[in-house]
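Visitor: Please read through the structure below; I'll follow up with questions.
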Amino acid sequence: MNKGINVINELLVDLFNDILVIEQKSLQYATFKDLSVTEVHTIEAIGMDKLKRMKDVACQLDITMGTLTTAINRLERKQYVTRTRSKEDRRIVYIQLTQKGKLAFRVHHKFHSNMVEEIVGELTEEEEGVLIKSLEKLNNFFRSKYNLKIGSKEKNNE
């Protein structure tokens, strides 16, 4: 591998690992010490909507219904999520965030916003544009190469 490829590889691995550690540490210092990063990402996938079908959340997270059921059981026990069955079709299960879950969602969203604002605050307008273009290309590459789904936020904007 040439030097540029080695540097990019190290940066990507370090960045991925650092973000996971930062998220975990931020949870330890937050009010939500009982949540794991995975649980926070599940809360994020459920979102602030009134009701969301479990099937849709599992699809969005690219996990099985069994895996999601286990996560929802834990979140329900911790009172972050409620679960209800459809009156029309009892096979359909809806989930939604409780007030506690919505607060966790907002705190995590604010954490991400603050992190991005601090990063962008250090950049010139030109550097910000280059960063956006580079991240878009990287994102598109991974989605295309590994057949990944489009993120929920992008789906909503289409």
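Going by the UniProt record's numbering, the sequence shown opens with residue 1, and the numbers climb by one from there. Glycine included, each C-beta is placed from N, C-alpha and C at the ideal position.
1. Who are the near neighbours of Ala45 in its chain, counting only those whose CB is closer than 6 Å to its CB and skipping five residues on each side?
2. If you draw a straight line from the alpha carbon of Lys155 to that of Ile22, how long is it in whole angstroms?
3. Checking 7 Å against the spacing of the C-beta atoms, do residue 166 and Ile92 come in under that value?
4. Taking only runs that begin and end inside the UniProt domain "HTH marR-type" (1-140), name each unbroken alpha helix (DSSP H) of 4 or more residues, in chain order.
5. Once DSSP output is grouped into helix, strand and coil, what is the label at Lys145?
6. Is it buried or exposed for Thr42, if we count other Cβ within 10 angstroms and need 16 for buried?
7. Can you tell me whether Val40 is buried or exposed? The criterion is at least 16 other CB atoms within 10 Å of its CB, across all chains shown.
8. Rounded to whole angstroms, what is the Cα-Cα separation between residue 180 and Val13?
9. With contact counted as at least three CB pairs below 8 Å, one residue from each stretch, are the region 45-54 and the region 93-104 in contact?
10. Between the C-alpha atoms of Val130 and Thr124, what's the straight-line distance to the nearest angstrom?
11. Quick one: is Phe142 buried, meaning 16 or more other Cβ sit within 10 Å of its Cβ, or exposed?
12. Give the single residue among Gly101, Lys33, Phe32 whose Cα lies nearest to the Cα of Gln79.
13. Just to confirm, is the Cβ distance from Leu128 to Val120 under 7 Å?
14. Leu35: buried (16+ other C-beta within 10 angstroms of its C-beta) or exposed?
Guide: So, to answer that:
1. Taking the sequence shown and counting its residues from 1, one reaches residue 45 at position 45. So the qualifying residues of the chain are Val57, Gln60, Leu61.
2. What you label residue 155 is simply residue 155 of the sequence shown in a count that begins at 1. What you label residue 22 is simply residue 22 of the sequence shown in a count that begins at 1. Confidence is the limiting factor: at Lys155 the pLDDT is only 45, short of 50, which leaves the residue's position unreliable, though a coordinate-based value still follows. Cα to Cα, Lys155 sits roughly 27 Å from Ile22.
3. The first residue shown for the chain is 1 and the last is 158, placing residue 166 beyond what the model contains.
4. Qualifying alpha helix (DSSP H) stretches, in chain order: 3-29, 37-46, 54-61, 65-77, 99-121.
5. Within the sequence shown, the letter at position 145 stands for residue 145. Three-state DSSP puts Lys145 in a helix.
6. Indexing the sequence shown from 1 puts residue 42 at position 42. It counts as buried.
7. Numbered from 1 along the sequence shown, position 40 holds the residue referred to as residue 40. Val40 counts as buried, since at least 16 other C-beta atoms from the protein chains shown sit within 10 angstroms of its C-beta.
8. The structure shown does not extend to residue 180, since the chain is modelled only from 1 through 158, so no value can be given for it.
9. Yes: the two stretches touch, three or more of their Cβ pairs being nearer than 8 Å.
10. Here residue 130 refers to the residue found at position 130 when the sequence shown is read from its first residue. Here residue 124 refers to the residue found at position 124 when the sequence shown is read from its first residue. In a straight line, the C-alpha of Val130 is about 10 Å away from that of Thr124.
11. The residue given as residue 142 occupies position 142 in the sequence shown. Flag for Phe142 reads exposed.
12. Reading the sequence shown from its first residue, position 79 is the one you call residue 79. Measuring from the Cα of Gln79, the nearest candidate turns out to be Gly101.
13. Counting from one through the sequence shown, the residue named residue 128 turns up at place 128. Counting from one through the sequence shown, the residue named residue 120 turns up at place 120. Note on residue identity: the sequence assigns Glu, not Leu, to residue 128. Their beta carbons are under 7 Å apart, which means Glu128 touches Val120 by this criterion.
14. Stepping through the sequence shown from its first residue, residue 35 is reached at position 35. Per the 10 Å Cβ criterion, buried.
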